[in-house]
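Here is the structure we will look at, set down as structure tokens.
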Amino acid sequence: MNDGVDIDDIEGKVSYAEVRDAWYVICTTDELGRSKPLSRKLHRQPLVVFRGPGGKPGVLLDRCAHRNVPLSLGRVVDCQVECPYHGWRYDTEGDCRKIPGLLGKTELPRRAVPQYPCREQDGYVWIWGNPDAEPIGEPYRPPKLDEPGYHTARKMVTAKGTLHAVAENALDVPHTAFLHKGLFRGTGTTNEIKAVVTRDETSVTCEYIGEPRPEGLVGRVLSPSGGVVTHFDRFILPSIAQVEYGIGKENHIIITSFCTPEEPFFTRLYAVVTWRMRFPAPVVRAVLDPVATSIFAQDAKMLDIQTKHVTRFGGERYTSTEIDLLGPQIWRLIKRAAEGRGAKPDDEVYRREVRFEA
Amino acid sequence: MNDGVDIDDIEGKVSYAEVRDAWYVICTTDELGRSKPLSRKLHRQPLVVFRGPGGKPGVLLDRCAHRNVPLSLGRVVDCQVECPYHGWRYDTEGDCRKIPGLLGKTELPRRAVPQYPCREQDGYVWIWGNPDAEPIGEPYRPPKLDEPGYHTARKMVTAKGTLHAVAENALDVPHTAFLHKGLFRGTGTTNEIKAVVTRDETSVTCEYIGEPRPEGLVGRVLSPSGGVVTHFDRFILPSIAQVEYGIGKENHIIITSFCTPEEPFFTRLYAVVTWRMRFPAPVVRAVLDPVATSIFAQDAKMLDIQTKHVTRFGGERYTSTEIDLLGPQIWRLIKRAAEGRGAKPDDEVYRREVRFEA
Amino acid sequence: MNDGVDIDDIEGKVSYAEVRDAWYVICTTDELGRSKPLSRKLHRQPLVVFRGPGGKPGVLLDRCAHRNVPLSLGRVVDCQVECPYHGWRYDTEGDCRKIPGLLGKTELPRRAVPQYPCREQDGYVWIWGNPDAEPIGEPYRPPKLDEPGYHTARKMVTAKGTLHAVAENALDVPHTAFLHKGLFRGTGTTNEIKAVVTRDETSVTCEYIGEPRPEGLVGRVLSPSGGVVTHFDRFILPSIAQVEYGIGKENHIIITSFCTPEEPFFTRLYAVVTWRMRFPAPVVRAVLDPVATSIFAQDAKMLDIQTKHVTRFGGERYTSTEIDLLGPQIWRLIKRAAEGRGAKPDDEVYRREVRFEA
């Protein structure tokens, strides 16, 4: 996955840190069946996901306590996951419930495997990033998901880059006019735009003021009649990137990407798009899907290139300008959260205005 | 071979240790011709095997003293192995006997390469694991090999696992009913069996009492008329795994596996099966060969999976139960022998009884 | 390129050292166009080569100062190299000249990338191995290049070996009779030859006295009528290997190999052959080209084998004899130059005579 790069060799030299006490999407409801366990990762830990009694999902460290074989290569039998080597079975709490051949009790603490708290909601299975711990709060709910007049589309993609690089890319405006030229922006004249960045303890938001209606294909679909544009880009701890557009009165679109840092340089994105528009949903879907696929393919390729070069040089050596509006803020939030530090008093009122061309 | 895993990174975290002062099989008599050298490994050291005067085998460190090219890529000329780069030649003692172009003496100590004492017996070439040392004792001889009424079959296979994992797997009863279900065991009802484990300075033996005639295909071939079963599993230092079955009066089968730890996670097995049975040898061979091949393929795949996962986690974290009868004992023997320690006084009388289901 | 071997793990155990204050060939004039940048390496550093104003070449560290993407994957626009991610542009001095979207000044020191001084001469682009430094002296000029009566052929090849291993191989006589048997030497009787090795501060030369006309195919082409042979092998710091032959009065051939150590175990060779001979240049070319290709393929294969084995063993363990005339001297020159040490007084008069068979 990360091509043999050992994060230990470049720790402290890349924008990677692990926020453990938080909720992450580990898979979708549709991916998780009843008879086959699913193999996933969070923060370098292999995990096995399966359904227990009543279909309730369970998530365990994917390593049999006996001889360390991955449980995800076995089967789900009687709502328990079974190791393919000697047939040990575990329930959704991680307790060992069967050891073929052994007479007597099986559920000893040293035979249990670490268990991750989980929730299933809105079509996703979420896990708490700290095994055997008590979760604080509940998973994030994407806005407008079930509101009348709104439609929904979902997509899962992966990128070979750190959570930070992926989230920065998802919320970065300047590269869109260059890398995605013709698809998204950059086909016409430029305007001077004002950006207002505000950051609190758990999120950072950028509001763009004076932005013209987007040009190119996407723009023409969104608002054929023109109209005032409202645009917010947000990062919400630990790993949610959100883009919200309003164009005129009739168009509203929110793209929420739940990012899961599987490995330092491998991130999975579960994107959910909710919208309200003049056009029928099937038409919007038919137009947006190929555009979104193209944009993401270009981004994924660039993230892969960036990651390979960063690891080749043994770490990042970034220079930011004032128009890198969110990247440095995102890293600050992740880093401080990973260190268990809250916001400093002087952070509470962080607000910055920047003018740039787009 | 071991997919880039560096044992130094996880030393002390996996059940791997090198017993140097001992005999190992390095190849079979049939594998070693007269004109082509053979490339093999023991304990991570590349070795070259070739035949010297009178066909007597020689085993040297596979690295030319001059510019470090592998001798095994050259030829055997006049009972000497010749480096393919500059044509330096070595005899079976490791002495340099020819340097093309050089005037004067060639046999200087600094031009010699390390030589491993060797023996050829019973169809195998054995080497002493410590180069340029004096061997103690002679290589092990498989029982009943040339006894009247006994037949023999041989097989060489490799597995991506430590010597310990491979030997434990070869002698482990509980996994057979699960992993090899249908082929070997696990098709019928279970019985309670008593196992008696005894360990001395150089070996550990498990005797099974009350074992029913094996079910499934193998069992029907071994003893169509039923009969009392005797069953011993043995590990003999440094690397011999042996399974001995008697079924009724007429059936006796001994499977001896000489294991060669080429690398920490790559082990070669030379298995020799000797048997006496009611059926003609060709029939036994025809039935046993595909069954043995299937069983070994399943074991090799599982060992590979286990090894990959252990290295992914940076080491083993095993939990054993009382029915892991031999694995922990095998590791104890290897570890102590590698450290050059003999048995402690209180070890001499080690004996344990365990009851389990099979 | 070097198959995952980390030089840091075996530094000090292989004949590899980096002479930074020196000129190296980075590409040929023909390889470098106007619109596409070229990706190359020197001493493990990825470099981007492109043409600036007036076609003058520029060489920069191949890493955008912004988000560390390789510039060599972008385009050359208006004599500047453009990053493919956000469109930052750099001139041949390494200064940032454009940042799309940013209002105001772009050329800040922290936005510049390291620049390597360069020269274009004799069909090659040369760079000074120390970025942002002032070069001392000018690049080496191959002798006889434009002299009347002389012809020229060029070839670029790569080898998986250290600069030292490659240069030693290029200038080593003993292996030719063995590895290249039939192509170059070794087809007839042997003669005793005298070699005189002299070394000064920046080069080492070996003169061969008493050498017969080369046998085999090459010899017959060079001098059908026989004649006195003069033969010099030279290594010139930091990385030039040169073979000079005279056969009779009419034949003179000089093979100069400019070696570029891209990585510890990956060296690029730019060879230029200049000659004066009885035969028409097209005939010489037609005969020499396939022979040179065969010889180099054999050498490249052997260097690859040698490198793999050296890294497998964690370093070199060479033994040299008196007929390893140049190898140890080459390493001494490179090592001392890399350490910035000049020749000791007692080195100035180094001279040695050796007799050997060829």
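Protein chains in written order, with the numbering used here: chain A, 1 to 358; chain B, 359 to 716; chain C, 717 to 1074.
Note that the Cβ used here is the ideal one computed from N, Cα and C, for glycine as well.
Asked, Found
"Cutoff 7 Å; reference Q1105(C); Cβ partners in own chain excluding five residues on either side", "Look at the range of chain C in this structure, 717 to 1074, and you will see that residue 1105(C) is not part of it."
"Helix, strand or coil at R392(B) [DSSP, three-state]", "coil"
"Endpoints, the alpha helix (DSSP H) within which R670(B) is located", "A639 to R670"
"Minimum Cβ-Cβ distance from H667(B) to chain A less than 9 Å", "yes"
"Bridge partner(s) assigned by DSSP for V457(B)", "Per the sequence shown, residue 457(B) should be read as Ile rather than Val. DSSP, once it has assigned bridges, lists no residue as partnering I457(B)."
"Residues of its chain near W331(A), where Cβ-Cβ distance is below 7 Å and the 5 sequence neighbours each way are ignored", "S15 and H164"
"Cutoff 9 Å: E1032(C) Cβ touching any chain B Cβ", "yes"
"With 16 other Cβ atoms within 10 Å as the buried cut-off, status of T892(C)", "buried"
"Length of the line joining the Cα atoms of V287(A) and I295(A)", "13 Å"
"Residues in the region 595-612 of chain B having any Cβ partner in chain C nearer than 9 Å", "none"
"Validate contact between the region 200-208 of chain A and the region 96-114 of chain A using beta carbons, cut 8 Å, 3 pairs", "no"
"9 Å Cβ cutoff met for V554(B) and R710(B)", "yes"
"Residue-level contact to chain B via CB, R760(C), 9 Å cutoff", "no"
"First through last residue of the beta strand (DSSP E) which encompasses F1072(C)", "R1067 to E1073"
"Segment limits, beta strand (DSSP E) that includes L1049(C)", "Taken as a continuous stretch (DSSP letters only), L1049(C) belongs to no beta strand (DSSP E), being part of the alpha helix (DSSP H) at G1043 to A1054."
"9 Å Cβ cutoff met for C206(A) and D233(A)", "yes"
"Span separating the alpha-carbon of L42(A) from that of P261(A)", "6 Å"
"Contacts that P786(C) makes with chain A (C-beta to C-beta distance below 8 Å)", "I305 and H309"
"Proximity to R34(A) [Cα-Cα], best of D21(A), G52(A), A17(A) and R40(A)", "G52(A)"
"Beta-carbon spacing of V273(A), A300(A) below 9 Å", "no"
"Residues in the region 72-92 of chain A having any Cβ partner in chain B nearer than 8 Å", "L73, P84, Y85, H86 and G87"
"Cβ neighbour criterion (16 or more within 10 Å) applied to G12(A)", "exposed"
"Closer than 9 Å to chain C by CB, L627(B)", "no"
"Identified DSSP bridge partners for P762(C)", "K757(C)"
"Local Cβ density within 10 Å of P582(B), reported as buried at 16 or more and exposed below that", "exposed"
"Proximity test, Cβ basis, 9 Å: L818(C) and chain A", "yes"
"Integer Cβ distance of A696(B) from E376(B), believed to fall under 8 Å", "6 Å"
"Of the residues P57(A), E357(A), W23(A) and L303(A), the one placed nearest G210(A), counting alpha carbons only", "E357(A)"
"Terminal residues of the beta strand (DSSP E) in which A911(C) lies", "E908 to R915"
"Interface flag, R813(C) vs chain A, CB-CB below 9 Å", "no"
"Enclosing alpha helix (DSSP H) for L59(A) [first to last residue]", "It should be pointed out that residue 59(A) corresponds to Val in this sequence rather than to Leu. Counting along the chain, V59(A) falls outside any alpha helix (DSSP H), though it belongs to the beta strand (DSSP E) covering P57 to L61."
"Three-way DSSP call (helix, strand, coil) for G604(B) in this model", "strand"
"Sequence ranges, beta strand (DSSP E) only - wholly within the region 801-857 of chain C, length at least 3", "812-814, 834-837 and 840-844"
"Chain B within 9 Å of T990(C), Cβ atoms only", "no"
"9 Å Cβ cut-off: residues of chain A touching H782(C)", "Y318, T319, S320, T321 and D324"
"Any chain F beta carbon closer than 9 Å to R468(B)", "In the displayed structure, chain F is absent; the protein chains listed are A, B and C."
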